[in-house]
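A.B. asks: Have a look at the structure that comes next, please.
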Amino acid sequence: MSTDDPYSEPTDEFKGTSEDELEQYAVGSGSTIRVLGMGGGGSNTINRLYREKIPGIDLIACNTDANHILRIKAKSKVLLGENLTKGQGAGGDPRIGEEAAHESEKDLLGKIKGAEIVFITAGLGGGTGTGSAYFAAKVAKEQGALTFGVVTLPFESEGRRRMRKAVWGLKKMIASCDCVIVIPNEKLLTVAPDLPVDNAFREADEVIVKAIRAITEILSYTRLINLDMRDLEEVVRNSGAAVIGIGYGTGDYGERVRYAVKDAIASPFLDLDLSSATGVLINISAADPTIDETNIATEEVKKLIADRAKIIMGTGIEKSLDSK
Numbered sequence: 007m008s009t010d011d012p013y014s015e016p017t018d019e020f021k022g023t024s025e026d027e028l029e030q031y032a033v034g035s036g037s038t039i040r041v042l043g044m045g046g047g048g049s050n051t052i053n054r055l056y057r058e059k060i061p062g063i064d065l066i067a068c069n070t071d072a073n074h075i076l077r078i079k080a081k082s083k084v085l086l087g088e089n090l091t092k093g094q095g096a097g098g099d100p101r102i103g104e105e106a107a108h109e110s111e112k113d114l115l116g117k118i119k120g121a122e123i124v125f126i127t128a129g130l131g132g133g134t135g136t137g138s139a140y141f142a143a144k145v146a147k148e149q150g151a152l153t154f155g156v157v158t159l160p161f162e163s164e165g166r167r168r169m170r171k172a173v174w175g176l177k178k179m180i181a182s183c184d185c186v187i188v189i190p191n192e193k194l195l196t197v198a199p200d201l202p203v204d205n206a207f208r209e210a211d212e213v214i215v216k217a218i219r220a221i222t223e224i225l226s227y228t229r230l231i232n233l234d235m236r237d238l239e240e241v242v243r244n245s246g247a248a249v250i251g252i253g254y255g256t257g258d259y260g261e262r263v264r265y266a267v268k269d270a271i272a273s274p275f276l277d278l279d280l281s282s283a284t285g286v287l288i289n290i291s292a293a294d295p296t297i298d299e300t301n302i303a304t305e306e307v308k309k310l311i312a313d314r315a316k317i318i319m320g321t322g323i324e325k326s327l328d329s330k
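Under the numbering used here, the first residue of the sequence shown is numbered 7, with each subsequent residue one higher.
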């Protein structure tokens, strides 16, 4: 039996970890997150993220079109394939976008190196985004970063040729990323079929922004229930294609979270049988979330997925949601 007094002050031989040391660890524990917007569509998403002022992420716009990239708000920019395209774009040819990314590999590596998480976002179907996004993802993954692709597929009205290019790019992305969130623009028409074209693309951007925000927020130390990189890696690493559902609920405690889960599952972007899912990431935000509500959300999702599927969850306070 130990004769040590558990209530005595620590001796000089062992005083534990000081407050200053703990603060240093805490400051350094935030994940390094970079978001690369590839091509015109991806760079437009960077603009939206810049306006959202999401903390803790570095924004990087990458394009072959010098005029377009000049209009983008970002911490840093990469003019892809400067010698190849002379800043004039890829002309809708993914092979040019691919070659431009190869030419700018050192620049991409310089922007990615040291990141723990990298998001590669692009609108697939064009030239630069389709050809360069997978290459940037490949560079990120080779550096050991947890690599997410967040991409859109074209509207059917944009034609078969554009869709064929998009499918080619998507296959490349799935092979190069740990996880790819796919957002088919056509699904927007089920929500708001009368949207003007410009508004429809902005809506697609909004979904991308929400996906990136949800994943970055879940790692935030300011969350009530937060996760670390190892938790996230367990579900995401080499998981392949993914889908996203976004839902809102109002009402009494317990009731509102059930409505939110049902709304997320009914999301047009979640066109998938969840019983085949191998992992689920749940992010709950409310002005005043309760522990009971996080349990309800988990139980509601468990009803729809296989027993072997992994679930990770984060919960945080978002005062702007009021009663939602």
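Think of the CB as a built atom: it goes at the ideal place given N, C-alpha and C, for glycine as much as any other residue.
Do the stretch 125-134 and the stretch 38-57 meet, that is, are 3 or more Cβ pairs less than 8 Å apart?
C.D. replies: Enough Cβ pairs lie closer than 8 Å, so yes.
A.B. asks: Could you name each continuous alpha helix (DSSP H) segment of 4 residues or more that falls completely within the stretch 245-272, going from the start of the chain to the end?
C.D. replies: You should have 261-271.
A.B. asks: Roughly how many angstroms lie between the CA atoms of GLU164 and LEU114, to the nearest whole one?
C.D. replies: Here residue 164 refers to the residue found at position 158 of the sequence shown. Here residue 114 refers to the residue found at position 108 of the sequence shown. In a straight line, the C-alpha of GLU164 is about 30 Å away from that of LEU114.
A.B. asks: If you reduce the DSSP assignment to three classes, tell me which class ASP294 lands in.
C.D. replies: Residue mapping note: residue 294 aligns to position 288 of the sequence shown, counting from 1. Coil at ASP294, not helix or strand.
A.B. asks: Do the stretch 69-80 and the stretch 147-159 make contact, defined as three or more Cβ pairs closer than 8 Å?
C.D. replies: The stretch 69-80 vs the stretch 147-159: no contact.
A.B. asks: Should TYR140 go down as buried or exposed, given a rule of 16 or more other Cβ atoms within 10 Å for buried?
C.D. replies: Taking the first residue of the sequence shown as 1, we reach residue 140 at position 134. Flag for TYR140 reads buried.
A.B. asks: Taking all protein chains shown into account, decide if LYS171 is buried (16 or more other Cβ within 10 angstroms of its Cβ) or exposed.
C.D. replies: Counting from 1 along the sequence shown, the entry for residue 171 is found at position 165. Classification of LYS171: buried, given that the 10 Å Cβ count is 16 or more.
A.B. asks: Please report the straight-line C-alpha distance between ASN53 and THR127, rounded to a whole angstrom.
C.D. replies: For the purposes of this step, residue 53 is taken as residue 47 along the sequence shown, with counting starting at 1. For the purposes of this step, residue 127 is taken as residue 121 along the sequence shown, with counting starting at 1. One C-alpha to the other measures close to 12 Å.
A.B. asks: Where does the unbroken alpha helix (DSSP H) through ASN73 begin, and where does it stop?
C.D. replies: The count along the sequence shown starts at 1 and reaches residue 73 at position 67. Residues 72-76.
A.B. asks: Can you tell me the Cβ-Cβ gap for ALA220 and VAL263, rounded? I've got them flagged as a contact below 8 Å.
C.D. replies: Here residue 220 is taken as the residue at index 214 of the sequence shown, counted from 1. Here residue 263 is taken as the residue at index 257 of the sequence shown, counted from 1. About 16 Å separates the two Cβ atoms, so there is no contact after all.
A.B. asks: Going by alpha carbons, who is nearest to ASP328 out of VAL84, SER82, ILE297 and ALA292?
C.D. replies: Position 322 of the sequence shown, counting from 1, holds the residue named residue 328. Measuring from the Cα of ASP328, the nearest candidate turns out to be ALA292.
A.B. asks: Does the distance from the CB of LEU65 to the CB of VAL41 come in under 7 Å?
C.D. replies: Numbered from its first residue, the sequence shown carries residue 65 at position 59. Numbered from its first residue, the sequence shown carries residue 41 at position 35. Yes, the pair counts as a contact, with Cβ atoms nearer than the cut-off.
A.B. asks: Name the DSSP beta bridge partners of CYS185, please?
C.D. replies: Looking up residue 185 in the sequence shown gives position 179. PHE154 and GLY246, per the DSSP bridge assignment.
A.B. asks: Am I right that ALA121 and THR38 are in contact with their C-beta atoms under 8 Å? What's the rounded C-beta distance?
C.D. replies: Taking the first residue of the sequence shown as 1, we reach residue 121 at position 115. Taking the first residue of the sequence shown as 1, we reach residue 38 at position 32. Their Cβ separation, rounded to whole angstroms, is 5 Å, which keeps ALA121 and THR38 in contact under 8 Å.
A.B. asks: How many angstroms separate the CA atom of TYR31 from the CA atom of ASN191?
C.D. replies: Locating residue 31 in the sequence shown gives position 25, where the first residue counts as 1. Locating residue 191 in the sequence shown gives position 185, where the first residue counts as 1. Low confidence applies here, because TYR31 scores a pLDDT of 43, under 50, leaving its location unreliable and the question unanswered by this model.
A.B. asks: Comparing alpha-carbon positions, which option in PRO61, VAL215, ILE60 and SER82 lies nearest ALA67?
C.D. replies: Residue mapping note: residue 67 aligns to position 61 of the sequence shown, counting from 1. Comparing Cα-Cα distances from ALA67 to each of PRO61, VAL215, ILE60 and SER82, the minimum goes to SER82.
A.B. asks: Are the Cβ atoms of ASP269 and GLY253 separated by less than 7 Å?
C.D. replies: Here residue 269 corresponds to residue number 263 of the sequence shown, with the count starting at 1. Here residue 253 corresponds to residue number 247 of the sequence shown, with the count starting at 1. Yes, these two residues count as a Cβ contact at 7 Å.
A.B. asks: If I follow the unbroken alpha helix (DSSP H) through ASN191, where does it start and stop?
C.D. replies: As a first step, residue 191 is located in the sequence shown; it is residue number 185 there, counting from the start. Careful: ASN191 lies outside any alpha helix (DSSP H) and carries neither H nor E.
A.B. asks: With DSSP collapsed to three states, give me the class of GLY48.
C.D. replies: In the sequence shown, counting from the first residue as 1, residue 48 sits at position 42. It is helical.
A.B. asks: Which residue comes first and which comes last in the beta strand (DSSP E) that contains ILE66?
C.D. replies: Here residue 66 refers to the residue found at position 60 when the sequence shown is read from its first residue. Run containing ILE66: 63-69, per the beta strand (DSSP E) assignment.
A.B. asks: Thinking C-alpha only, which one of TYR259, ILE317, GLY93 and LYS92 is nearest ALA294?
C.D. replies: Your numbering for residue 294 matches position 288 in the sequence shown. The sequence shown places Asp at residue 294, rather than the Ala named in the question. Comparing Cα positions, the closest option is TYR259.
A.B. asks: Write down every uninterrupted run of the alpha helix (DSSP H) in the stretch 93-152 whose length is 4 residues or greater and which is fully enclosed by it, in chain order.
C.D. replies: Entirely contained in the stretch 93-152, the alpha helix (DSSP H) runs reaching 4 residues are, in chain order, 100-109, 111-118 and 134-148.
A.B. asks: Go ahead and label ASN289 buried or exposed: buried means 16 or more other beta carbons lie within 10 angstroms of its beta carbon, across all protein chains shown.
C.D. replies: Reading the sequence shown from its first residue, position 283 is the one you call residue 289. By the 10 Å Cβ count, ASN289 comes out buried.
A.B. asks: If you draw a straight line from the C-alpha of ILE297 to the C-alpha of MET319, how long is it?
C.D. replies: For the purposes of this step, residue 297 is taken as residue 291 along the sequence shown, with counting starting at 1. For the purposes of this step, residue 319 is taken as residue 313 along the sequence shown, with counting starting at 1. Going from the Cα of ILE297 to the Cα of MET319 covers about 12 Å.
A.B. asks: Could you work out which residue in ILE123, PRO202 and ILE311 is closest to GLU148 when comparing CA atoms only?
C.D. replies: Within the sequence shown, the letter at position 142 stands for residue 148. Here the closest residue by C-alpha is ILE123.
A.B. asks: Between the alpha carbons of ILE187 and ARG243, how many angstroms are there, rounded?
C.D. replies: As a working note, residue 187 is residue 181 in the sequence shown. As a working note, residue 243 is residue 237 in the sequence shown. Taking the straight line joining both Cα atoms gives about 13 Å.
A.B. asks: Would you call the CB atoms of LEU280 and ILE323 closer than 7 Å?
C.D. replies: Translated into positions along the sequence shown, residue 280 becomes position 274. Translated into positions along the sequence shown, residue 323 becomes position 317. It is not a contact, given that the beta carbons lie outside the stated cut-off.
A.B. asks: Where does the unbroken alpha helix (DSSP H) through LEU86 begin, and where does it stop?
C.D. replies: Locating residue 86 in the sequence shown gives position 80, counting from the first residue. Segment: none, LEU86 is in no alpha helix (DSSP H) and carries neither H nor E.
A.B. asks: By the 10 Å Cβ neighbour count, where 16 or more other Cβ atoms means buried, how is GLU29 classified, buried or exposed?
C.D. replies: Within the sequence shown, numbered from 1, the residue matching residue 29 stands at position 23. Since pLDDT at GLU29 reaches only 44, below the 50 mark, its modelled position is unreliable, and the value read off the structure follows with that caveat. With fewer than 16 Cβ atoms within 10 Å of its Cβ, GLU29 is classed as exposed.
A.B. asks: Confirm, please, whether the CB-CB distance from GLU306 to VAL267 is below 7 Å.
C.D. replies: Residue numbering aside, residue 267 sits at position 261 when the sequence shown is read from its first letter. Residue numbering aside, residue 306 sits at position 300 when the sequence shown is read from its first letter. Yes, they are a contact pair.
A.B. asks: Roughly how many angstroms lie between the CA atoms of ARG57 and ALA80, to the nearest whole one?
C.D. replies: Residue 57 sits at position 51 when you count from the first residue of the sequence shown. Residue 80 sits at position 74 when you count from the first residue of the sequence shown. Their Cα atoms are separated by approximately 10 Å.
A.B. asks: Measure how close the beta-carbons of VAL213 and ILE180 come, nearest whole angstrom, since I'm counting them as under 8 Å.
C.D. replies: For the purposes of this step, residue 213 is identified with residue 207 of the sequence shown, where counting begins at 1. For the purposes of this step, residue 180 is identified with residue 174 of the sequence shown, where counting begins at 1. Going by Cβ atoms, the distance from VAL213 to ILE180 rounds to 19 Å, so no, they are not a contact pair.
A.B. asks: ASN69: buried (16+ other C-beta within 10 angstroms of its C-beta) or exposed?
C.D. replies: If you number the sequence shown from 1, residue 69 lands on position 63. Per the 10 Å Cβ criterion, buried.
A.B. asks: Answer with buried or exposed for ARG77, where buried requires no fewer than 16 other C-beta atoms within 10 angstroms of its C-beta.
C.D. replies: Your numbering for residue 77 matches position 71 in the sequence shown. Classification for ARG77: exposed.
A.B. asks: Bridge partners of ASN289, per DSSP?
C.D. replies: Counting from one through the sequence shown, the residue named residue 289 turns up at place 283. Looking at the DSSP assignment, ASN289 forms a beta bridge with GLY320.
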